[in-house]
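Engineer:
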Amino acid sequence: MTTLAITGGQVLLPDNTVTWADVLVDQDSGEILEVGDDLAGGADDTLDASDSLVTPGFVNGHCHVAMTLLRGHADDKPLDAWLQEDIWPVEAELTADSIRAGTELGVLEMIKSGTTSFADMYFFVPTIADVVDKAGLRARLGHGVISVGKDEDAVHEDAQEGLEVAAEIDGMADGRITSAFMPHSLTTVDGQYLSEYVPEARDLGVPVHYHANETEDEVTPIVENHGVRPLAYAAEKGMLEAEDFFAHGVHVDESEIGLLAEAGTSVIHCPASNMKLASGMAPIQRMLDAGVTVGLGTDGAASNNDLSMLDEARDAAMLGKLAADDASAVPAEAVVTMATQGSADAIGLDTGRIAAGKPADLAVIDLEQPHLTPRHDPVSHLAYAAAASDVRHTVCDGQVLMRDREVLTLDEDAVLSRATEEADALLARADD
Numbered sequence: 001m002t003t004l005a006i007t008g009g010q011v012l013l014p015d016n017t018v019t020w021a022d023v024l025v026d027q028d029s030g031e032i033l034e035v036g037d038d039l040a041g042g043a044d045d046t047l048d049a050s051d052s053l054v055t056p057g058f059v060n061g062h063c064h065v066a067m068t069l070l071r072g073h074a075d076d077k078p079l080d081a082w083l084q085e086d087i088w089p090v091e092a093e094l095t096a097d098s099i100r101a102g103t104e105l106g107v108l109e110m111i112k113s114g115t116t117s118f119a120d121m122y123f124f125v126p127t128i129a130d131v132v133d134k135a136g137l138r139a140r141l142g143h144g145v146i147s148v149g150k151d152e153d154a155v156h157e158d159a160q161e162g163l164e165v166a167a168e169i170d171g172m173a174d175g176r177i178t179s180a181f182m183p184h185s186l187t188t189v190d191g192q193y194l195s196e197y198v199p200e201a202r203d204l205g206v207p208v209h210y211h212a213n214e215t216e217d218e219v220t221p222i223v224e225n226h227g228v229r230p231l232a233y234a235a236e237k238g239m240l241e242a243e244d245f246f247a248h249g250v251h252v253d254e255s256e257i258g259l260l261a262e263a264g265t266s267v268i269h270c271p272a273s274n275m276k277l278a279s280g281m282a283p284i285q286r287m288l289d290a291g292v293t294v295g296l297g298t299d300g301a302a303s304n305n306d307l308s309m310l311d312e313a314r315d316a317a318m319l320g321k322l323a324a325d326d327a328s329a330v331p332a333e334a335v336v337t338m339a340t341q342g343s344a345d346a347i348g349l350d351t352g353r354i355a356a357g358k359p360a361d362l363a364v365i366d367l368e369q370p371h372l373t374p375r376h377d378p379v380s381h382l383a384y385a386a387a388a389s390d391v392r393h394t395v396c397d398g399q400v401l402m403r404d405r406e407v408l409t410l411d412e413d414a415v416l417s418r419a420t421e422e423a424d425a426l427l428a429r430a431d432d
């Protein structure tokens with residue numbers, strides 16, 4: 001057994017209390033062996049956590065990682081116009097090479113900001129899985145299925161690809177990669193295809209992930225055409241099971257919150273994207289009060305525009321207070337939970353907690369910073385003051401991915417160069 005000790009710091013425990021402790025990791029199994037005092041003796045390797053806070057690695061519950069290539073390409077537009085005029089035409093020109101470059105850039109950013117797991121819906125998914133494997137992260141991945149603008153044969157082909165990819169990649173990277181069936185949304189995939197293919201996903205044994213209730217324009221057509229609210233429609237299509245999770249949930253009413261609480265379906269809150277696209281304010285405190293599992297996600301970098309879960313936590317806390325008109329709503333402890341164990345539970349990964357027997361997915365936050373001084377409350381600092389650049393070390397599955405800000409599994413300079421080259425080529429193809 002090869003062991004790693006993270007020593008000399010404070011540790012964030014699953015109940016959001018903070019204690020002085022070391023963390024001992026079995027690097028062969030990828031699990032935490034012990035959290036306690038003076039564990040460095042005999043360890044094969046150590047990470048210094050002096051003046052630092054050891055946290056669970058952050059879990060990005062909803063992302064389109066390769067969209068890093070579109071960061072800053074199209075801003076300041078509402079969702080429908082942004083998608084139809086700026087995003088979908090460029091995505092039509094994506095290649096496996098551009099997906100690889102964008103994914104490398106995205107996972108590099110995640111490692112440098114302490115994210116160790118993420119859920120991703122996009123295209124060329126085996127390429128994304130290969131990058132995740134080599135980078136050392138943990139992910140639940142799926143192919144985004146869309147019926148809008150396609151003939152019937154093309155839609156069936158797309159849905160079949162979604163199922164085939166889910167079967168192909170599930171369990172890759174020694175289990176660090178899992179899959180899901182991912183119809184894009186309740187309004188971009190026609191109901192007949194949802195009725196046909198969601199049961200096939202159940203037979204495959206994978207969860208379903210999709211976008212829902214992001215804007216009012218995604219609610220009105222379903223109410224008008226089907227006579228029910230979107231999440232009642234999702235339930236009719238078999239998409240509201242306990243293992244399922246969907247992104248956004250901005251425009252949900254009390255009946256839908258009740259459905260979520262009863263079904264156990266999880267919501268991934270994406271506050272930065274919701275603000276940037278003026279989609280609205282999700283009633284997160286009402287969901288939490290009802291017992292709904294809520295995770296946190298960045299969405300794609302084109303609508304955020306970064307992949308920092310620390311930024312997202314701050315946004316979630318601030319926006320949650322505005323939405324509830326209550327300064328006590330969505331407190332620091334709640335958003336830290338959402339960014340770790342909440343997202344992990346939502347996307348079906350047994351991580352997000354520092355405890356013996358749990359996966360050794362960890363981030364070490366440098367507290368010796370002007371903006372983190374004085375240290376009255378480290379949990380408050382995580383929610384309201386910490387930045388991605390404060391992450392010193394990142395560990396996933398017991399392996400050190402970043403040590404003292406140096407990423408060990410990717411060549412940072414080469415990643416930045418390839419991403420710049422592929423982004424320029426992508427936009428040039430789209431302009432032709």
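When we follow full-length UniProt numbering, the leftmost residue of the sequence shown carries the number 1, and every step to the right adds one. All C-beta atoms in this analysis are idealised placements derived from N, C-alpha and C, irrespective of residue type, glycine included.
Would you decide whether residue 453 is buried or exposed? Buried here means 16 or more other CB atoms lie within 10 Å of its CB.
Structural biologist: Residue 453 lies beyond the stretch modelled for the chain, which goes from 1 to 432, so this question has no answer here.
Engineer: So, with DSSP's three-state summary, where would you put Asn-16?
Structural biologist: coil
Engineer: To which residues does DSSP link Gln-285 through a beta bridge?
Structural biologist: According to DSSP, Gln-285 bridges with nothing at all.
Engineer: Are the CB atoms of His-251 and Thr-293 nearer to each other than 8 Å?
Structural biologist: no
Engineer: Please list the terminal residues of the continuous beta strand (DSSP E) segment that includes Arg-429.
Structural biologist: Note, Arg-429: premise wrong, no beta strand (DSSP E); alpha helix (DSSP H) at 412–431.
Engineer: In the DSSP output, which residue or residues are listed as bridge partners for Gly-295?
Structural biologist: Ile-268
Engineer: Can you give me the C-alpha to C-alpha distance between Ala-135 and Gly-72, rounded to a whole angstrom?
Structural biologist: 25 Å
Engineer: Is DSSP giving Val-252 helix, strand or coil here?
Structural biologist: coil
Engineer: Can you look up Glu-216 in the DSSP assignment and give me helix, strand or coil?
Structural biologist: helix
Engineer: Using beta-carbon positions only, say whether Val-155 and Thr-188 come within less than 8 Å of one another.
Structural biologist: no
Engineer: Considering only their Cβ atoms, is the gap separating Pro-14 from Leu-362 smaller than 8 Å?
Structural biologist: Result no, Cβ atoms of Leu-362 and Pro-14 do not sit closer than 8 Å.
Engineer: So for Asn-60, helix, strand or coil by DSSP?
Structural biologist: strand
Engineer: Give the secondary structure of Thr-127 by DSSP, where H, G and I count as helix, E and B as strand, and everything else as coil.
Structural biologist: helix
Engineer: Can the beta-carbon of Tyr-233 be found less than 8 Å from the beta-carbon of Leu-186?
Structural biologist: yes
Engineer: Determine the closest residue to Pro-359 out of Gln-399, Ala-92, Ala-428, with distance taken between C-alpha atoms.
Structural biologist: Gln-399
Engineer: Measure the beta-carbon distance from Met-182 to Gly-162 and round it to whole angstroms, keeping in mind my assumption that it falls under 8 Å.
Structural biologist: Cβ atoms of Met-182 and Gly-162 come within 8 Å of each other, at about 6 Å.
Engineer: Within a Cβ cutoff of 8 Å, which residues of the same chain sit near Gly-357, ignoring the five residues on either side of it in sequence?
Structural biologist: Only Glu-31, Ile-32 meet the Cβ criterion.
Engineer: Would you mind listing the beta strand (DSSP E) stretches within the stretch 56–112 that are 3+ residues and don't spill past its ends, in chain order?
Structural biologist: 58–63
Engineer: Select from Lys-77, Asn-16, Asn-60 the residue whose C-alpha is nearest the C-alpha of residue 438.
Structural biologist: As shown, the chain starts at 1 and ends at 432. That puts residue 438 outside it, with no answer to give.
Engineer: Using a 10 Å radius around the Cβ and a threshold of 16 neighbouring Cβ atoms, would you call Glu-224 buried or exposed?
Structural biologist: exposed
Engineer: Tell me whether the stretch 341–353 and the stretch 16–29 touch, counting them as touching only if at least three CB pairs, one residue from each stretch, are closer than 8 Å.
Structural biologist: Short answer: they don't touch.
Engineer: Find the nearest neighbour of Asp-350 within the set Arg-140, His-62, Thr-19, judged by alpha-carbon distance.
Structural biologist: Arg-140
Engineer: Kindly list the residues whose CB is nearer than 6 Å to the CB of Ala-173, restricted to its own chain and excluding five residues on each side of it in sequence; keep chain order.
Structural biologist: Once the five neighbours on either side are set aside, the close Cβ partners of Ala-173 are Asp-133.
Engineer: Under the three-state reduction of DSSP, which class applies to Ala-388: helix, strand or coil?
Structural biologist: helix
Engineer: Look at the Cβ atom of Arg-138, then the Cβ atom of Ser-117, and state whether they are nearer than 8 Å.
Structural biologist: yes
Engineer: I think Ala-339 touches Phe-58, with their Cβ atoms under 8 Å apart; what is that distance to the nearest whole Å?
Structural biologist: 5 Å
Engineer: Quick one: grab the DSSP three-state call for Ala-363.
Structural biologist: strand
Engineer: Which residue wins for smallest C-alpha separation from Ser-273, given the options Phe-245, Ile-99, Ala-235, His-211?
Structural biologist: His-211
Engineer: Mapping the DSSP letters down to three states, classify Gly-320 as helix, strand or coil.
Structural biologist: DSSP, reduced to helix, strand and coil, places Gly-320 within a helical segment of the structure shown.
Engineer: Is it a yes or a no for the stretch 84–101 touching the stretch 420–432, going by three-plus beta-carbon pairs under 8 Å?
Structural biologist: yes
Engineer: Given a cut-off of 8 Å on the beta-carbon distance, is the pair His-184 and Val-145 in contact?
Structural biologist: yes
Engineer: Between the Cα of Arg-229 and those of Glu-243, Pro-283, Ala-242, Asn-213, spot the shortest distance and give me the residue it belongs to.
Structural biologist: If we check each option's Cα against that of Arg-229, Asn-213 comes out closest.
Engineer: What residues are listed by DSSP as bridge partners for Ser-117?
Structural biologist: Val-59, Arg-138
Engineer: Residue range of the alpha helix (DSSP H) that Leu-204 falls in?
Structural biologist: 191–204
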